[in-house]
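J.: The structure is given below, and queries will be raised subsequently.
2 protein chains.
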Amino acid sequence: MKALIPVSPLDSLKTRLSEFLNKEERKFLLFNMLKDIFKALEGLEVYVISKDNEILDFVKGLGGRVIEEKYKGLNNAIKQGFNEIRGNEVLIIPADIPLIKKRHINEIMILSKNYDAIISPSRGGGTNLLYLKDKRSIEVRYEGFSFLKHIDEFKKHGLKYYIYDSFYLSIDVNTVEDLGEIFIHGEGTETKRYLMDLNIKVLPKHSSAGRFEIVRG
Amino acid sequence: MKALIPVSPLDSLKTRLSEFLNKEERKFLLFNMLKDIFKALEGLEVYVISKDNEILDFVKGLGGRVIEEKYKGLNNAIKQGFNEIRGNEVLIIPADIPLIKKRHINEIMILSKNYDAIISPSRGGGTNLLYLKDKRSIEVRYEGFSFLKHIDEFKKHGLKYYIYDSFYLSIDVNTVEDLGEIFIHGEGTETKRYLMDLNIKVLPKHSSAGRFEIVRG
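Protein chains in written order, with the working numbering: chain A, 1 to 217; chain B, 1 to 217.
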């Protein structure tokens, strides 16, 4: 099984966090998330596909293999990745789920013996982890409600699939609010350590605006 | 093992949904969520504690046992519930997690043989499922970052605990945004059926404001 992590260029990275973290800080946030993800994937061959050379250089330092992304859009990046990775069995992992742990990957490895496809939901209808026994068995359809689209693909192609139900895998870091979850559940992660170094604090909040109050100071 | 579901009075119910659902609709939303939860808990003795007679009457129709809440606040309601339930082994479940399934409860039952306490996170630092082998073993500390407070309690009292990592159990329905998750993941639930009867639709969205666009029309 090979892991594939597609990463957007730093310019367009996590712009929803831009009111809270400057561009340099968003870059280091990404680097720290990648460290946590590589730790969970230890022992697997990990490929990162990106247009951004700074990201690819960083990944080499983590022991990852790199693919220079040639086309436009996430689905095309993944298809290119599939073409450049040898072997059929792939695990696609986003770059922004730092709460992933080795125990998740171990469970996926065990389940992969009995299933053709494994999927984990993200909040908002997305897909946060996708395992395919054969990378050519479906059309990858990220963006929009990709969780439902991928389930449709599994059914259309008669794959035996498993929904891997995990809160920690559902937490992708896109908004300031999401940083709160890292504070609550990210003990021992590089990502939490980095946010604490920035002097970010998280308080509980119960209003229509959100579940956390995130402050810096 | 007995289940305990604390429910706030209808007046104060889900006020964060009030711009989208009127009071009568919020009541039926609750009733439908309770139906889904009772289905997951089938076979267990289920107690509902509330100050609201309309809720208690509805629960009797579902085959639940009812406790009239006497004190103020969620933690006091649970303590009162503990006093009125016979036996030591309890499972506390919120009234707003309609994506809970029988398979979750079956897994909790198996895990309960090996652990003194089991906890599932909600988004925002809360606790969505709490199993205690002995209801007197900790002080329940809901509200605020109750997930961390409960972990502290487990450690303080030397309990062997398990974090039950589930996306579906993490989804509590408090905001309009949360309704989106029910649309994506609630196939077959009474809660989704009810929302669809109200002609609510959910579209993908990617902005700082949220992950879903929820419309009625």
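All C-beta atoms in this analysis are idealised placements derived from N, C-alpha and C, irrespective of residue type, glycine included.
Going residue by residue through the region 119-189 of chain A, where are the continuous alpha helix (DSSP H) segments of at least 4 residues, counting only ones entirely within it?
T.: 146-156, 167-170, 176-185, all fully within the region 119-189 of chain A.
J.: Is residue 205 (chain B) close to chain A? Criterion is C-beta to C-beta, closer than 9 Å.
T.: Taking Cβ atoms only, chain A reaches closer than 9 Å to residue 205 (chain B), which makes this a yes.
J.: Does any CB atom of chain A fall closer than 9 Å to the CB of residue 208 (chain B)?
T.: For residue 208 (chain B), the predicted structure reports a pLDDT of 45, less than 50, and the residue's modelled location is therefore unreliable. The matter cannot be settled from this model.
J.: Which chain B residues are close to residue 185 (chain A), counting only those with a beta carbon under 7 Å from its beta carbon?
T.: Those are 121, listed as they occur along chain B.
J.: What residue does the beta strand (DSSP E) around residue 45 (chain A) start on, and which one ends it?
T.: Element bounds for residue 45 (chain A): 45-50.
J.: Would you say residue 102 (chain B) and residue 47 (chain B) are within 9 Å of each other, going by their C-beta atoms?
T.: No; because the gap between Cβ atoms is not below 9 Å, this pair is not in contact.
J.: In whole angstroms, what separates the C-alpha of residue 128 (chain A) from that of residue 94 (chain A)?
T.: Using only the alpha carbons, I get a separation of about 6 Å.
J.: Going by DSSP in three states, residue 212 (chain A) sits in which element: helix, strand or coil?
T.: In the structure shown, residue 212 (chain A) sits in a strand (DSSP, three-state: E or B).
J.: DSSP has residue 204 (chain B) in a bridge; who is on the other side?
T.: The partner list for residue 204 (chain B) (beta bridge, DSSP) reads B:212.
J.: Starting from the C-beta of residue 131 (chain B), find all residues in its chain whose C-beta is less than 7 Å away, skip the five residues before and the five after it, and write them out in chain order.
T.: Excluding sequence neighbours, residue 131 (chain B) sits near 91, 108, 112, 117, 118.
J.: Would you say residue 29 (chain A) and residue 44 (chain A) are within 9 Å of each other, going by their C-beta atoms?
T.: Their beta carbons are not under 9 Å apart, which means residue 29 (chain A) does not touch residue 44 (chain A) by this criterion.
J.: What does residue 125 (chain B) touch in chain A if you count any residue whose Cβ is under 9 Å from its own?
T.: The answer, in chain order, is 180, 181, 183, 184, 185, 202, 204, 211, 212.
J.: Does chain B have any CB closer than 9 Å to the CB of residue 218 (chain A)?
T.: Residue 218 (chain A) cannot be examined here, being either before or after the span of chain A that is shown, 1 to 217.
J.: Can you look up residue 13 (chain A) in the DSSP assignment and give me helix, strand or coil?
T.: Here residue 13 (chain A) sits in coil by DSSP.
J.: With 16 other CB atoms within 10 Å as the buried threshold, where does residue 175 (chain A) fall?
T.: Classification for residue 175 (chain A): buried.
J.: I need the straight-line Cα distance from residue 76 (chain A) to residue 96 (chain B), nearest angstrom please.
T.: For residue 76 (chain A) and residue 96 (chain B), the distance between alpha carbons rounds to 39 Å.
J.: Checking 9 Å against the spacing of the C-beta atoms, do residue 31 (chain A) and residue 179 (chain A) come in under that value?
T.: No.
J.: What separation, rounded to the nearest whole angstrom, lies between the Cα atoms of residue 139 (chain B) and residue 159 (chain A)?
T.: If you take the alpha carbons of residue 139 (chain B) and residue 159 (chain A), they lie about 47 Å apart.
J.: Apart from the five residues just before and just after residue 208 (chain B), which ones in its own chain have a Cβ nearer than 6 Å to its Cβ?
T.: With a pLDDT of 45 at residue 208 (chain B), under the threshold of 50, the modelled position of that residue is not reliable, and the figure given next carries that caveat. Hits under 6 Å: none found.
J.: Taking only three categories from DSSP, how would you classify residue 99 (chain A)?
T.: The answer is coil: DSSP assigns residue 99 (chain A) none of H, G, I, E or B.
J.: Taking the continuous beta strand (DSSP E) assigned at residue 5 (chain B), which residues delimit it?
T.: Looking at the DSSP string, the run of the beta strand (DSSP E) that includes residue 5 (chain B) is 2-7.
J.: Using a Cβ-Cβ cut-off of 9 Å, state whether residue 74 (chain A) counts as contacting chain B.
T.: So, not an interface residue.
J.: Taking just the CA atoms, how far does residue 9 (chain B) sit from residue 212 (chain B)?
T.: The alpha-carbon atoms of residue 212 (chain B) and residue 9 (chain B) are separated by roughly 28 Å.
J.: Whole-angstrom Cβ separation of residue 169 (chain B) and residue 100 (chain B), contact assumed at under 8 Å?
T.: That belief holds up - the Cβ atoms of residue 169 (chain B) and residue 100 (chain B) are roughly 6 Å apart, short of 8 Å.
J.: Chain B partners of residue 147 (chain A), CB-CB under 7 Å?
T.: Chain B residues near residue 147 (chain A): 184.
J.: Quick one, are the C-beta atoms of residue 167 (chain B) and residue 120 (chain A) less than 9 Å apart?
T.: Against a cut-off of 9 Å, the Cβ pair of residue 120 (chain A) and residue 167 (chain B) comes out as a contact.
J.: Which two residues bound the contiguous alpha helix (DSSP H) that contains residue 34 (chain A)?
T.: Where residue 34 (chain A) is concerned, the enclosing alpha helix (DSSP H) stretches over 23-40.
J.: Using the beta-carbon count (16 or more within 10 Å), is residue 146 (chain B) buried or exposed?
T.: It is buried - the Cβ of residue 146 (chain B) has at least 16 other Cβ atoms within 10 Å.
J.: Excluding the 5 residues preceding and the 5 following residue 150 (chain A) in the sequence, name in chain order all residues of the same chain whose CB lies nearer than 6 Å to its CB.
T.: The answer, listed in chain order, is 119, 127.
J.: Comparing the C-beta of residue 131 (chain A) with each C-beta of chain B, is any distance below 9 Å?
T.: Not one chain B Cβ lies under 9 Å of residue 131 (chain A).
J.: Give me the chain B residues within the contact set of residue 116 (chain A), using Cβ-Cβ distance strictly less than 7 Å, ordered along the chain.
T.: What residue 116 (chain A) touches in chain B: nothing, since even the nearest Cβ is about 21 Å away.
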